[in-house]
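**Student:** First the structure, then my questions, so here it is.
Numbering (full-length UniProt numbering), first residue to last: 1 to 120.
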C-alpha cells in the first residue's frame with residue numbers, strides 16, 4: 001500500500017474512491033456489502049470508512065457535495081453505520097482492523113478514533 005495512515009482518506013483505496021467520485025464514475029450501493037456480511041476485506045473496509053465520513057459531511061476539497069446525496073438517505077446511512085461498526089470491530093470480522101492491530105495497540109486505537117464518525 002503506497003499511502004497508509006490513520007485518517008479516513010489516508011490510504012490508496014480511499015484516494016481511488018475520491019478520484020472516482022471526482023470523475024463521476026461511482027455507484028455507492030455497489031461498494032457496500034450486504035448487512036450481515038461475514039468478513040470485510042481491507043480495501044472494502046477503507047472505502048466504507050471514507051464513505052461514512054462523506055455521508056457525515058466530512059467532504060474533502062474538490063468533491064461536489066451534490067453527488068454525495070445517495071450516501072445521505074436514511075437507509076444508506078444506516079447501512080453505512082452498520083458496516084462501519086463491523087470494520088472497526090475486530091480482526092475476526094475486518095481485515096483492516098486485523099492489519100491495524102498488528103501495528104500495535106496505540107496505532108489501532110488512533111485509527112479507530114479517526115475512522116469512527118457519527119451517522120445519525
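Built from N, CA and C at the ideal position, the CB exists for glycine as well.
Can you give me the Cβ contacts of residue 17 inside the same chain, cut-off strictly under 6 Å, excluding the 5 residues immediately before and after it?
**Tutor:** Numbered from 1 along the chain shown, position 17 holds the residue referred to as residue 17. So the qualifying residues of the chain are 47 and 50.
**Student:** For the alpha helix (DSSP H) holding residue 95, just list the boundary residues, first then last.
**Tutor:** As a position in the chain shown, residue 95 is number 95, starting the count at 1. Start and end: 95 to 102.
**Student:** Quick one: residues in its chain with C-beta nearer than 8 Å to the C-beta of residue 32, no 5 flanking neighbours on either side, listed in chain order?
**Tutor:** Residue mapping note: residue 32 aligns to position 32 of the chain shown, counting from 1. Once the five neighbours on either side are set aside, the close Cβ partners of residue 32 are 48, 51, 76, 79, 80 and 83.
**Student:** Quick one: is residue 53 buried, meaning 16 or more other Cβ sit within 10 Å of its Cβ, or exposed?
**Tutor:** Taking the first residue of the chain shown as position 1, residue 53 is located at position 53. By the neighbour-count rule (16 or more Cβ atoms within 10 Å), residue 53 is buried.
**Student:** Note down the Cα distance separating residue 69 from residue 118, rounded to an integer number of angstroms.
**Tutor:** To locate residue 69, count along the chain shown from 1; it is residue 69. To locate residue 118, count along the chain shown from 1; it is residue 118. Looking at the two C-alpha atoms, the distance is approximately 17 Å.
**Student:** Measuring alpha carbon to alpha carbon, tell me which of 38, 88 and 65 ends up nearest residue 24.
**Tutor:** Here residue 24 refers to the residue found at position 24 of the chain shown. For the residues 38, 88 and 65, the minimum Cα distance to residue 24 belongs to 65.
**Student:** Short check: CB of residue 60 to CB of residue 27, under 7 Å?
**Tutor:** Within the chain shown, the letter at position 60 stands for residue 60. Within the chain shown, the letter at position 27 stands for residue 27. Taking 7 Å as the Cβ cut-off, residue 60 and residue 27 do not qualify as a contacting pair.
**Student:** What are the boundary residues of the alpha helix (DSSP H) that includes residue 65?
**Tutor:** Residue numbering aside, residue 65 sits at position 65 when the chain shown is read from its first letter. Here residue 65 belongs to no alpha helix (DSSP H), and DSSP marks it neither H nor E.
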